[in-house]
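Written out below as structure tokens is the structure these notes cover.
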């Protein structure tokens with residue numbers, strides 16, 4: 001699998017997992033908000049929202065019906081009571097039921113109390129539900145009047161308003177102070193006309209909406225509001241009683257929503273922070289490792305960065321790629337190949353430097369030897385104490401010319417190899433027929449007196465081969481390969497030249513039956529710094545012929561390969577694509 005697919009797969013499943021976690025979090029938060037909202041509704045309006053929960057919590061233990069204790073505490077806070085009726089209307093269990101409440105209801109009686117058609121001192125709420133194949137009728141009742149309304153009614157009946165102040169009997173004043181309450185009297189426009197024990201932050205003007213909200217949502221204002229309207233005077237009497245447990249300025253619904261929002265945001269931040277740290281460690285560490293590796297290569301240090309134990313950081317003790325590096329196994333493999341290649345090239349470069357220095361030493365010696373001969377004969381000819389004959393002068397001149405020709409050839413070969421190396425544009429390509437051109441080159445080679453006894457066999461292709469070549473350069477290729485076969489082999493060596501054509505191009509084979517060469521010689525045969533001959537032997541040449549041959553073949557768009565073994569002859573294969 002490619003690194004692109006692996007990275008895509010990693011990111012997809014990780015982001016999918018993070019998305020599922022966030023969805024689960026949002027769902028859980030919604031359940032939390034819904035549950036809390038239900039609790040708030042139960043606390044604020046138990047008759048409408050709490051009875052179903054009471055039935056759900058109902059359990060039979062030893063023949064007795066029990067309810068959830070927390071729900072019963074809410075019943076107590078509202079000064080309420082409970083009854084559970086069977087299908088005949090008889091009470092089978094009760095909780096804090098007053099004495100003035102019946103223990104059984106005849107047909108139509110409970111409905112009349114519920115609809116207010118019959119006088120009853122309590123507001124009642126009814127919930128009917130089947131549970132465990134048994135139908136339960138739950139009756140919840142709360143007093144129609146409470147202490148706050150009674151206290152306000154007594155104050156209204158006994159109070160005397162005098163210049164904006166309300167005068168009360170001592171007993172009522174003590175009752176107000178005991179509950180930390182205060183009294184306000186409003187006119188028909190909602191403006192305060194009198195007060196007693198008024199709080200510092202109390203309003204002096206009320207709108208219709210303000211009175212409705214304060215009487216309905218006491219927890220929002222941290223105060224219970226009891227109200228009595230006098231139709232005769234058009235005045236409204238207010239009793240404010242602070243709640244025992246202070247509540248925040250915000251509504252409980254907003255608080256729950258805020259908590260849910262904070263939970264979602266916090267968890268999302270934590271998830272993304274974790275993912276960021278995890279991504280940084282999972283993907284950043286290998287990238288930094290590879291950057292350090294490249295830095296080492298740039299510094300000439302051809303090895304993978306290692307840990308404190310001296311092992312490659314991406315490898316385990318057993319040599320396997322560590323898990324967090326497996327994503328980049330392809331890149332690590334490429335870096336390893338690059339490292340080995342650079343190290344090998346560096347070794348080859350050092351070897352070439354050594355070989356080049358040796359070759360320069362040899363070339364210097366080769367130049368020095370003929371130059372010494374030339375200088376020696378020049379001094380001899382210049383000497384005044386001896387008169388040379390014409391024959392001797394001609395012999396000396398011939399030797400000087402031979403050495404000068406060798407030096408000229410050496411300089412010419414050096415010039416050509418460096419021109420080829422530096423891509424100098426001195427080759428001129430013309431379309432030529434290869435069979436005829438090779439045959440002409442062989443004839444020219446055998447016309448050289450040095451090779452007039454050479455045995456060369458030519459096998460041409462069955463069809464004409466037209467190919468663009470530089471005539472001088474291609475002729476040099478043919479001559480060098482033929483000369484190499486006869487110079488480095490004993491007398492009587494035979495050479496077979498074969499030209500063949502296929503669908504992709506054509507090739508030329510040079511096969512001799514000479515002594516062959518070893519592997520070391522083959523490896524360095526085309527090296528321009530490798531010396532195959534020397535001027536002190538009987539062979540001719542500068543040692544640059546095969547290097548020039550390979551460069552010329554490459555310039556003609558071809559390849560050259562050599563195969564040989566000691567005692568089995570040598571084969572050169574040239575191939576040129578269409």
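Residue numbers (UniProt numbering): 1 to 578.
Don't be surprised by glycine CBs; every beta carbon is placed ideally from N, CA and C.
Next item on the list: Report the option in 92, 142 and 70 whose CA atom is closest to the CA atom of residue 39.
Entry: 70
Item checked: Check whether residue 473 and residue 427 have beta carbons under 7 Å apart -> yes
Check: Starting from residue 66 and walking both ways along the beta strand (DSSP E), at which residues does that stretch end?
Finding: 64-66
Note to self: How far does the alpha helix (DSSP H) with residue 73 in it extend, from its first residue to its last?
What the structure shows: 69-77
Next item on the list: Give every residue of the same chain whose Cβ lies closer than 8 Å to the Cβ of residue 321, excluding the five residues on either side of it in the sequence, and list them in chain order.
Entry: 314, 315, 329 and 332
Notebook entry, point to check: Which value, in whole angstroms, describes the spacing of the CA atoms of residue 515 and residue 497?
Noted result: 18 Å
Item checked: Distance between beta carbons of residue 108 and residue 124, contact taken as under 8 Å -> Actually they do not touch by this definition, with Cβ atoms about 14 Å apart.
Notebook entry, point to check: Is the Cβ-Cβ distance between residue 466 and residue 504 less than 7 Å?
Noted result: no
Checklist line | Beta-ladder partner(s) of residue 575, from DSSP | finding: 507 and 559
Next item on the list: Taking only runs that begin and end inside the stretch 217-275, name each unbroken beta strand (DSSP E) of 3 or more residues, in chain order.
Entry: 223-230 and 235-242
Notebook entry, point to check: Taking DSSP as the reference, what is the three-state secondary structure of residue 430?
Noted result: strand
Check: Counting pairs of beta carbons, one from the stretch 144-157 and one from the stretch 223-240, are three or more of them closer than 8 Å?
Finding: yes
Check: Taking only runs of the alpha helix (DSSP H) that begin and end inside the stretch 153-194, which ones reach a length of at least 4 residues, in chain order?
Finding: 170-178
Notebook entry, point to check: Alpha carbon to alpha carbon, what distance is there between residue 406 and residue 533?
Noted result: Any reading at residue 533 needs caution, since the residue's pLDDT is 42, under 50, leaving its predicted position unreliable; the model's value is listed next. Cα-Cα distance, rounded: 13 Å.
Check: With DSSP run on the structure shown, which of helix, strand or coil describes residue 531?
Finding: Because residue 531 carries a pLDDT of 49, less than 50, the predicted location of this residue cannot be relied on, and the following value inherits that uncertainty. Residue 531 falls in the coil class under three-state DSSP.
Next item on the list: Give the straight-line distance between the Cα atoms of residue 119 and residue 112, rounded to the nearest whole angstrom.
Entry: 9 Å
Note to self: Out of 276, 186, 267 and 291, which one is the CA nearest neighbour of residue 234?
What the structure shows: 186
Next item on the list: Report yes if the C-beta distance between residue 104 and residue 116 is below 7 Å; otherwise report no.
Entry: no
Check: Looking at residue 74 and residue 595, is the spacing between their C-beta atoms short of 7 Å?
Finding: The chain is shown from 1 up to 578; residue 595 falls before or after that span and cannot be answered.
Notebook entry, point to check: Which residues in the same chain have their Cβ closer than 8 Å to the Cβ of residue 446, if we skip the five residues on either side of it in sequence?
Noted result: 452, 454 and 456
Margin query: Using only the alpha-carbon positions, how far apart do residue 563 and residue 527 sit?
Written below: 16 Å
Notebook entry, point to check: Taking DSSP as the reference, what is the three-state secondary structure of residue 295?
Noted result: helix
Margin query: I'd like the list of long-range same chain contacts for residue 101, defined as Cβ closer than 8 Å, with 5 residues on each side in sequence excluded.
Written below: 81, 83, 122 and 141
Next item on the list: Just mark residue 570 as buried or exposed, buried being the case when its beta carbon has 16 or more other beta carbons within 10 Å.
Entry: buried
Notebook entry, point to check: Which whole runs of the alpha helix (DSSP H) in the stretch 417-504 are 4 residues long or more, in chain order?
Noted result: 434-446 and 471-487
Check: Taking just the CA atoms, how far does residue 96 sit from residue 219?
Finding: 25 Å
Next item on the list: Just tell me which of 517, 285 and 77 has its CA closest to the CA of residue 305.
Entry: 285
Checklist line | Span of the beta strand (DSSP E), counted from its first residue to its last, around residue 92 | finding: 91-95
Note to self: In whole angstroms, give me the CA-to-CA distance for residue 443 and residue 356.
What the structure shows: 36 Å
Check: If you check the beta carbons only, do residue 138 and residue 20 fall under 7 Å apart?
Finding: no
Checklist line | Collapsed DSSP secondary structure at residue 323 in the structure displayed | finding: helix
Next item on the list: Quick one: using the 10 Å Cβ neighbour count with 16 as the cut-off for buried, is residue 379 buried or exposed?
Entry: exposed
Notebook entry, point to check: Which residue's Cα is closest to the Cα of residue 178: 197, 382 and 166?
Noted result: 197
Note to self: In this structure, how does DSSP classify residue 312 when only helix, strand and coil are distinguished?
What the structure shows: strand
Margin query: Please list the terminal residues of the continuous beta strand (DSSP E) segment that includes residue 135.
Written below: 134-143
Checklist line | Backbone CA spacing between residue 271 and residue 22 [nearest angstrom] | finding: 8 Å
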